[in-house]
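Asker: Quick note: the sequence shown uses this note's numbering, first residue 19, plus one each step. For glycine and all other residues, C-beta sits at the position ideal for the given N, C-alpha and C. Below is one structure. I have some questions about it.
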Amino acid sequence: MFALLPLIGGLLLGWLAPRKVAILVQVVFYAIALTVLTITAPDHGGNYSDGLWLPPALALVAAGTLLLGFRLARRGTRRAAQS
């Protein structure tokens with residue numbers, strides 16, 4: 019459930035927030051999600067060593083959604099300028 023935090027948060031932040039704020043908050047969302055997912059891994063059939071593959075995977079997804087949000091924001095600004 020916490021893995022959705024950087025996913026949805028990154029998309030919305032990239033789309034609606036200023037760039038520097040979006041990056042900063044996305045890093046915080048990533049850290050929160052990573053901490054909770056690693057600590058609770060044994061409760062969900064995993065183990066603490068999942069912390070070895072989870073950070074790179076979650077980082078790629080978090081960065082991708084943030085970039086997608088930036089692209090949506092830029093597309094909206096272009097359309098507004100053309101009208």
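Put A35 into one of helix, strand or coil per three-state DSSP.
Answerer: Correct three-state label for A35: coil.
Asker: Curious, which full-length alpha helix (DSSP H) runs of at least 4 residues does the stretch 25-85 contain?
Answerer: Correct list: 37-57.
Asker: Give the single residue among A51, P60, Q100, L90 whose Cα lies nearest to the Cα of V79.
Answerer: Considering only alpha carbons, the answer is A51.
Asker: Near L90, which residues of its chain fall below 6 Å by C-beta distance, leaving aside the five closest residues on each side in sequence?
Answerer: Answer for L90: W33, listed in chain order.
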